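S.K.:
In the UniProt record's numbering, the protein residues as written are 1 to 265.
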């Protein structure tokens, strides 16, 4: 059954471009998610990071894998329409939790989010994947930017460390260099967004964002979900998130006691 937030054209665009905007996905959850981000920033988890070098203005905070300890996140994930929307976009019977991610650019943070694909950082592969990037403040210039069709590229993009700007894994030959989509004339999709809107994009969609040079906060809640064909894969180093001690083997579905099913079996 289709969800009223998603049209057939949205699904076609998602499959073709690897990114689409879903208006009002979290419309009823804006205030709870804002409260959850405040709680997350007050009580950061073990993976929390500040992504600015000394002398760079503003603040760029991020943290992930906190939904089980932050009730506002858990409630939104469990009780919002996000799983139904994800199933449609991925064309998947099942929807499984992967992780949450909070990214906050405070006013005057000129540093951009570098161009990257999420997939190479993760220990999961499959075409049925979706990330929802959801601002909790109105955004225009500091919105998410996605390269259309990049989820279908034959070779993944080199994952790098945002702060150190070094390669994430030792074997750089397995990856293509990080492109410059604007200089190379690629089709870049971006949308002005209101609180509660969401950009849905595939784990292999190249994306980034500009700095936040406005006088307004840019709080974003991201949710990463996987579908029927997603399987555990080994990487040549520590993944992000790492999930130490998971004991999964290549080719297995993600273990459901750590990554619960939100829809289907």
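Idealized CB from N, CA, C, for every residue including glycine. Quick caveat, the model's predicted, so the values are computed rather than measured.
Within its chain, find whatever has a CB closer than 6 Å to the CB of residue 213; leave out the 5 residues flanking it on each side and keep chain order.
M.R.: Result list for residue 213: 110, in chain order.
S.K.: Could you tell me which whole alpha helix (DSSP H) segments of length 4 or greater appear in the stretch 21 to 74?
M.R.: Qualifying alpha helix (DSSP H) stretches, in chain order: 30 to 42.
S.K.: Which stretch, first to last residue, makes up the alpha helix (DSSP H) that contains residue 86?
M.R.: Per DSSP, residue 86 belongs to the alpha helix (DSSP H) from 82 to 90.
S.K.: When you compare the CB positions of residue 136 and residue 33, do they come within less than 8 Å of one another, or not?
M.R.: Yes.
S.K.: If you run the structure through DSSP and keep just helix, strand and coil, what is residue 208?
M.R.: In this structure, residue 208 counts as strand in the three-state DSSP scheme.
S.K.: Go through its chain and collect everything with a Cβ distance to residue 124's Cβ below 8 Å, but skip five positions before and after it.
M.R.: So the qualifying residues of the chain are 98, 203, 226, 230, 231, 232, 233 and 254.
S.K.: Note down the Cα distance separating residue 93 from residue 200, rounded to an integer number of angstroms.
M.R.: The alpha-carbon atoms of residue 93 and residue 200 are separated by roughly 18 Å.
S.K.: What residues are listed by DSSP as bridge partners for residue 100?
M.R.: According to DSSP, which records beta bridges pairwise, residue 100 is partnered with 223.
S.K.: For residue 232, does the three-state DSSP call read helix, strand or coil?
M.R.: In the structure shown, residue 232 sits in a strand (DSSP, three-state: E or B).
S.K.: Excluding five sequence neighbours on each side, which residues of the same chain lie with their C-beta closer than 8 Å to the C-beta of residue 66?
M.R.: Correct list, in chain order: 40, 45, 73, 100 and 102.
S.K.: Tell me residue 155's beta-bridge partners as DSSP assigns them.
M.R.: Answer by DSSP bridge pairing: none, since residue 155 is not bridged.
S.K.: CB residue 114 to CB residue 170, shorter than 8 Å?
M.R.: No, they are not a contact pair.
S.K.: Three Cβ pairs or more, each shorter than 8 Å: is that satisfied between the stretch 54 to 69 and the stretch 6 to 13?
M.R.: As far as the Cβ criterion goes, the stretch 54 to 69 does not touch the stretch 6 to 13, which means the pair count is below three.
S.K.: Starting from residue 12, trace the beta strand (DSSP E) both ways and give me its first and last residue.
M.R.: Run containing residue 12: none in the beta strand (DSSP E); it sits in the alpha helix (DSSP H), 8 to 17.
S.K.: Measure the C-alpha to C-alpha separation of residue 126 and residue 238 and round it to an integer number of angstroms.
M.R.: Going from the Cα of residue 126 to the Cα of residue 238 covers about 19 Å.
S.K.: Straight-line CA distance for residue 182 to residue 257?
M.R.: Approximately 42 Å, taken between the alpha carbons.
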